[in-house]
Every structure is written in structure tokens, then in C-alpha cells.
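The structure appears below as C-alpha cells.
Number of protein chains: 2
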Amino acid sequence: MNMDKKFIKKYETDAFNHDGLNGYAYVPNGVSVAVSNPLNEKMPGANPEQLLGLSLSTCMGATLQAIEKENNLPHRAQVHVHVTMVKGTAGLEFLVDARVRIPHISHAQAEDFVHQAEKRCPVSKLLSGSENYTIHVVDEFEPTHQGVID
Amino acid sequence: MNMDKKFIKKYETDAFNHDGLNGYAYVPNGVSVAVSNPLNEKMPGANPEQLLGLSLSTCMGATLQAIEKENNLPHRAQVHVHVTMVKGTAGLEFLVDARVRIPHISHAQAEDFVHQAEKRCPVSKLLSGSENYTIHVVDEFEPTHQGVID
Chain A
23 MNMDKKFIKK YETDAFNHDG LNGYAYVPNG VSVAVSNPLN EKMPGANPEQ
73 LLGLSLSTCM GATLQAIEKE NNLPHRAQVH VHVTMVKGTA GLEFLVDARV
123 RIPHISHAQA EDFVHQAEKR CPVSKLLSGS ENYTIHVVDE FEPTHQGVID
Chain B
23 MNMDKKFIKK YETDAFNHDG LNGYAYVPNG VSVAVSNPLN EKMPGANPEQ
73 LLGLSLSTCM GATLQAIEKE NNLPHRAQVH VHVTMVKGTA GLEFLVDARV
123 RIPHISHAQA EDFVHQAEKR CPVSKLLSGS ENYTIHVVDE FEPTHQGVID
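Protein chains in written order, with my numbering: chain A, 23 to 172; chain B, 23 to 172.
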């Protein structure tokens, strides 16, 4: 961490995992989620891929909501994050692809909003150093695919 | 994304946010979570900071669980992720500090396990390009602080 940076702290929180993939992860005095192994589809609960997608989609959605408001527009932006677990020469990796649809503005303006949001959304900033992270504007969402890939 | 990389796809999933910070984020056919603004403590639900912490703590916890198993040890590793929202010259950022306690092995062996886990856990790999991400071994957890910072 670059300690030379000057920050004003605004908010802090915690998330705990003591159970690995067999139990719960939780926020003290906050939400608790059952967690599960993505490769065991019989297990209920959320896996790290889904929790990351929920974090990024909510952060980008909230940032776009703020940008829409600044432009006197109602909130219509939709963010779908597709996470793929892949195995390569460096072991397991996640590919994170964020797809943004903003139906009430032009494609060009949507591109501008997403470009602004990328630079403001803290989760997007955290991922921006990874070549596995992509974000783009779509005019319509394509049907999604989910589950274990044989 | 570096398309020259060769990957085998193992699993894929989606997370959707249409509501910004006022409603729900969800996995199609999976978990749904109420989302909330971290700066409004009266709102129930999880915020992007907490969802990211749940993802990272679960990914690191699961990776450490695998490493413990490879060493014929029961799973005792505990991962606490502290996320701080800060405001700096580049706008809002998250500082992500993962703290790992593995009570049934020595501090030196815990350092070795965490060093291995950092290189294997896909969420840790995604964050490793950010100077805002840190991870370290602790012998005991300190009391945590949560909430809006005035």
C-alpha cells in the first residue's frame, strides 16, 4: 500500500470467513451468506465468483446511478457481471466481464457514462490492474450461461 | 484481456444489479441480497465493500482449506477482510486488508501457507495489481472497527 497517499477515511467494515467453502461467511452485525463450492452444483449458497460479481455489479450500478442523477436522468442502468473460472498454466483464475446496458440514452452516451464510471467505482479501480477484467456497453443482453463446464 | 492465454473453462456464473444502491442484486437462479449505501447506516443489506470482503475472505479461506488438507491438517484458518472506503485526490477508493490467523501451526508456517494462497486464490490474483490490497498473518485478531467515520 502506498502510504504516501493522503486519504480521508469515510467508512470501514469487515467480512469474516472461518469455514472455507463449507459453511458461512459473514459481516459482524450484518449479512451472513451460506458459501459453496462452484464445482458442486448440489450445494446451495454463494461462491466467491458470485460474491465478487455482486460487489462489482452493485458498485458499478451505484456509480452509474450517481452519473445518471448528475445528468438529470432517472436510474435505468443495468449491470451484468459474468465471471468465468478458468484453469491455465498459472492455476485457477477468474475472468470478470462487466456488461452495461443503459436503455434510455444513446450508445455513444452510454459509452461516455461507463468510461466515467470505470474511473470512479472503487471496485472497478481495484480490478483495473488485471488483464482478466473487462467492461463494455451492450445494447441488449445476450442470454447468459451458468454452471459447471464439462 | 490477453487472448493469447490458453485456458480451460471450468465454471461460469452471473451477478446482476439493476437497482443501484436501492434494492437488490442477485444471481439468476441463485442468491439475492438487499444492497445498501455504506454511508446510510439505517439501511439494512450489504454494500459493495462487504460483498467484496465476503468474496475475498471466502476465496482465501477456501484456498487455505485446500493447502491445510494437502498438509494433512484440519481446517482452522480464519480470514478477516477489513475494507475501508477513503476519499483522496482520485475520488473514492477502497483499501482492502486481509488478515489471516491459522492457530494450529507456527507463525512461520502460516506465512508460508499465506504466501502460497496469495498465488493460488483467484480473487487475490485479481486484486494483486492494486497497491490498495494487502494481506498478512496475525497471531490474534485485534478488535475491529466498523461504520461511518466522521
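From the three backbone atoms N, C-alpha and C, an ideal C-beta is built for every residue, glycine too.
Beta-carbon separation of residue i and residue j under 7 angstroms?
{"i": "B/Thr80", "j": "B/Ala139", "result": "no"}
{"i": "A/Phe116", "j": "A/Val101", "result": "no"}
{"i": "B/Thr35", "j": "A/Asp36", "result": "no"}
{"i": "A/Ser77", "j": "B/Leu78", "result": "no"}
{"i": "B/Lys32", "j": "A/Ile171", "result": "yes"}
{"i": "A/Gly151", "j": "B/Gly75", "result": "no"}
Within the same chain, show all residues whose beta-carbon is closer than 7 angstroms to that of residue i, passing over the 5 residues directly before and after it, in chain order.
{"i": "B/Val21", "result": "Here chain B has residues from 23 to 172 only, and residue 21 of chain B is not among them."}
{"i": "A/Phe163", "result": "His102, Arg121 and Arg123"}
{"i": "B/Glu71", "result": "Pro60, Val105, Met107 and Phe116"}
{"i": "B/Arg142", "result": "Thr85"}
{"i": "A/Tyr46", "result": "Ser54, Val55, Ala56 and Val57"}
{"i": "B/Ala99", "result": "Gly83, Leu86, Gln87, Glu90, Val122 and Ile124"}
{"i": "A/Met65", "result": "Ser58 and Asn59"}
Just how far apart, CA to CA, sit residue i and residue j?
{"i": "B/Leu95", "j": "A/Leu43", "result": "16 angstroms"}
{"i": "B/Leu114", "j": "A/Pro144", "result": "6 angstroms"}
{"i": "A/Gly110", "j": "B/Lys27", "result": "8 angstroms"}
{"i": "B/Leu149", "j": "A/Asn93", "result": "32 angstroms"}
{"i": "B/Phe38", "j": "B/Asn69", "result": "14 angstroms"}
{"i": "A/Tyr155", "j": "A/Ile30", "result": "28 angstroms"}
{"i": "B/Glu153", "j": "B/Ile127", "result": "29 angstroms"}
{"i": "B/Gln168", "j": "A/Gln168", "result": "35 angstroms"}
{"i": "B/Ala112", "j": "A/Ala112", "result": "32 angstroms"}
Tell me, please, whether the CB atom of residue i is closer than 7 angstroms to any CB atom in chain B?
{"i": "A/Met107", "result": "yes"}
{"i": "A/Gln138", "result": "no"}
{"i": "A/Phe116", "result": "yes"}
{"i": "A/Leu148", "result": "yes"}
{"i": "A/Asn39", "result": "yes"}
{"i": "A/Phe29", "result": "yes"}
{"i": "A/Pro70", "result": "yes"}
{"i": "A/Gln87", "result": "yes"}
{"i": "A/His97", "result": "yes"}
{"i": "A/Gln100", "result": "yes"}
{"i": "A/Ala84", "result": "yes"}
{"i": "A/His104", "result": "yes"}
{"i": "A/Ser152", "result": "yes"}
{"i": "A/Ile171", "result": "yes"}
{"i": "A/Pro125", "result": "no"}
Who are the Cβ neighbours of residue i in its own chain at under 6 angstroms, not counting the five residues just before and after it?
{"i": "B/Gln87", "result": "His97"}
{"i": "A/Lys91", "result": "none"}
{"i": "B/Asp119", "result": "His104 and Thr156"}
Taking residue i as the reference, give the member of the options with the closest Cα.
{"i": "A/Val49", "options": "B/Leu148, B/Gly67, B/Ser150 and B/Arg142", "result": "B/Gly67"}
{"i": "A/Asn51", "options": "B/Gly52, B/Asn51 and B/Glu63", "result": "B/Glu63"}
Are the C-beta atoms of residue i and some chain A residue less than 7 angstroms apart?
{"i": "B/Tyr46", "result": "no"}
{"i": "B/Val160", "result": "no"}
{"i": "B/Arg121", "result": "no"}
{"i": "B/Ser77", "result": "yes"}
{"i": "B/Lys32", "result": "yes"}
{"i": "B/Asp36", "result": "yes"}
{"i": "B/Gln168", "result": "yes"}
{"i": "B/Pro165", "result": "no"}
Taking 8 angstroms as the limit between beta carbons, can you name the residues of its chain near residue i, skipping five residues before and five after?
{"i": "B/Asp161", "result": "Arg123 and His129"}
{"i": "A/Asp41", "result": "Ala47 and Val57"}
Taking 7 angstroms as the CB-CB cut-off, is residue i touching chain E?
{"i": "A/Pro96", "result": "Absent here is chain E; the protein component of the structure consists of chains A and B."}
Give a single yes or no on whether residue i has its beta carbon closer than 6 angstroms to a heavy atom of the ligand GTP.
{"i": "A/Leu149", "result": "As far as ligands go, the structure on display features none, and thus does not contain the ligand GTP."}
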